[in-house]
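Let me begin by presenting the structure, written as structure tokens, before commenting on it.
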Amino acid sequence: MLDNKIKEIEDLAGLIDSLKKQGKKIVHCHGCFDIVHPGHIEHFIDAKKQGDVLVVTVTPDRFVEKGPGRPFFNEKIRLKQLAAQGTIDYVALNKWSTAIETLRLIKPDIYVKGKEVLGNKDIDKIQTTEKISSNLSLEEEAVKSVGGELYLTDQITFSSSKIINQITEAIPDESKKFLENLKQSHSSQDILKILDSLKDIRIIVIGDSILDEYVYCESMEKSGKETQVSYKFLDSETHLGGIFAIANHLAGFVKDIAIITCIGKNNYNFIEEGLKQNIERNIFTQSESKTLIKTRYIDNYKKHKVFQNYNTDELKINLETEEKILRFLENNLQRFDMVLVPDFGHGMLTQRIIDLLTNSNKFLAINCQLNSGNLGYNFITKYPRADFVSINDRELRLPFQEKKGDIRIPIKKLNQKLNVNKINITLGKKGNIFYDNGEFIESPSFTTQPLDTIGSGDAVLSLTSLLAYKNTDPMLISFLGNSIGGLATRIIGNQRSVDPIELRKFINYILK
């Protein structure tokens, strides 16, 4: 019986067309419906009163942007629990991230939303080609374009997000305690205003260019003559990594951003097309060099990384390129409020460039990464000063030879070495620890099931550097750094940047 009520979206459209020809008035609801609670029941009852047939479409798992561990129930379970409701006639899984395309396809007479959506207009926004608009206004336009109308129910409301945050393991216990403390002093609206205040920061980013290639493969049997395991190629994709990934993260939060980097003779068009439009490109090319490509081979079944290779050692800039970069900095640095240096240790940042940046009076944010191409040779201590540093615990411990023990000890050493009073140390699944002028703030992780940790540190660096420049409350820097880092772990590599709208939704839902 339930299966008869669950339809494919295209089949539902055909069925609705037939019902409308019979004179039936079609009412449509759409949402995630993770936990069907009394508020939903009342919502559906009121909706059914507006017509003859009530259809409900459900957001697919891959488009649910409500924080870690969500959706709590997968799409198949959510469809069944809705089909079990007597007031609902038909249910279908949506194919898109919003109901806009669905409304145009199924053409309901009445589209029903809860009146509480009016309070979410500043959170549920969508970036269109022309502008950023509220999701509700775009849905209203869509339903009116097919001859329908919007109806708002005004029933008792409950929050699935709040219920789940309180009674499930979607968020670890230590994270719940942190969030409860945070809510005592900051509302979600306060935090969203802080994010809005970042847009006028003028930032220049200088660092290594990297492309990340992901090769998906499937394990085969072991060779009959060798001990090696063979893999079958399935597919591959390439992402903008390094400075490009960081710039794309930043471009969503600020209006004025410029990059300085050097690439080889390959992949210029791919890089140009992949960068967001508001990024000023200062990309120097060395025809004798290759842009660094890091190729990771992924077991497609478990998404485990099997091995990695580099197409070149590094892209070390020559004297001519170095002179061009130094001249550009000397002539343009005054245009910017702050400098962000993501140092991947692949030859872009020479001593002369480092000296110019550290001797400037600009706010200087630095990340100095250790990776398989520079392990033991790219320490944060090579910089004489910084205003903000964001690195992981290993990148902090190695230069100070502090393999174990209290992480606060090497943090204090870094503070003295670089005279830096704002330090963010990421701790993987343990969250992070933030140092601010002698005070330590610990923030737990908000995700327990990362899909891919590659690039999450870059996302953290991008946002926390802006917040540090604004002298934001350290507790909020920790919270927002962990939030964007958690969202980034749900993205394969640097397949895309974390959308600020996605972050806003995350903040709104996790603080319920």
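What the sequence shown shows, in our numbering, is residues 60 to 571, in sequence order. For each residue, glycine too, the CB sits at the ideal point set by N, CA and C.
Check	Outcome
Inter-stretch contact at 8 Å, needing at least 3 Cβ pairs: the segment 398-416 / the segment 430-443	yes
Spatial distance of Ser-246 from Leu-570 (CA atoms)	8 Å
CA-to-CA distance, Gln-367 to Phe-312, given in whole angstroms	32 Å
Environment of Glu-198 [buried if 16+ CB atoms lie within 10 Å]	buried
Three-way DSSP call (helix, strand, coil) for Glu-280 in this model	strand
Cβ neighbour criterion (16 or more within 10 Å) applied to Lys-84	exposed
Meets three-Cβ-pair contact criterion under 8 Å: the segment 259-267 and the segment 314-323	yes
Among Asn-240, Ile-482, Asn-553, His-87, the one whose alpha carbon lies nearest that of Glu-208	His-87
Backbone secondary structure at Phe-303 - three-state DSSP	helix
For Ser-295 and Ile-551, the rounded distance between their alpha carbons	12 Å
Start-to-end residues for the alpha helix (DSSP H) that takes in Asn-567	559-569
Per-residue DSSP class, three states only, for Met-41	Outside the displayed range of the chain (60 to 571) lies residue 41, so it cannot be described from this structure.
Reference Leu-162; option with closest CA among Lys-203, Asp-511, Ile-269, Asn-420	Lys-203
N- and C-terminal bounds of the beta strand (DSSP E) containing Arg-261	261-265
Start and end residues, alpha helix (DSSP H) containing Pro-458	452-459
Alpha-carbon spacing of Ile-342 relative to His-308, whole angstroms	18 Å
Residue of Glu-233, Ser-244, Gly-497, Leu-416 minimising C-alpha distance to Leu-385	Leu-416
C-alpha gap between Pro-97 and Lys-362, whole angstroms	39 Å
Which listed residue (Gly-206, Leu-71, Leu-526, Glu-134) has its alpha carbon closest to that of Asp-148	Leu-71
Three-state class that DSSP yields for Asn-341 in the structure shown	strand
Segment contact flag, the segment 488-497 with the segment 369-384, C-beta cutoff 8 Å, min 3 pairs	no
Beta-bridge pairing of Gln-367 - partner residues as DSSP gives them	Arg-355
Coarse secondary structure for Gly-82, derived from DSSP in three states	coil
C-beta contact flag for Asp-572 and Ile-305 at 8 Å	Outside the shown range of the chain, which is 60 to 571, sits residue 572, and nothing can be said about it.
Lys-582 to Lys-139 span [Cα, whole Å]	In the structure displayed, the chain extends from 60 to 571; residue 582 sits before or after that span and is not available.
Residue from Ala-151, Ala-143, Gln-144, Gly-145 with nearest C-alpha to Glu-134	Ala-151
Met-397 classed as buried or exposed, judged by whether at least 16 other C-beta atoms fall within 10 angstroms	buried
Residue burial classification, Ile-468 (beta-carbon count within 10 angstroms, cutoff 16)	exposed
Thr-409 vs Glu-381 beta-carbon contact at 8 Å	yes
Rounded C-alpha distance that separates Asn-541 from Gly-206	44 Å
6 Å CB neighbourhood of Asp-446 in its chain, flanking five on each side removed	Phe-422, Leu-423
With 16 other Cβ atoms within 10 Å as the buried cut-off, status of Glu-67	exposed
Candidates Arg-137, Cys-91, Asp-76, of which the one nearest Val-112 by Cα	Asp-76
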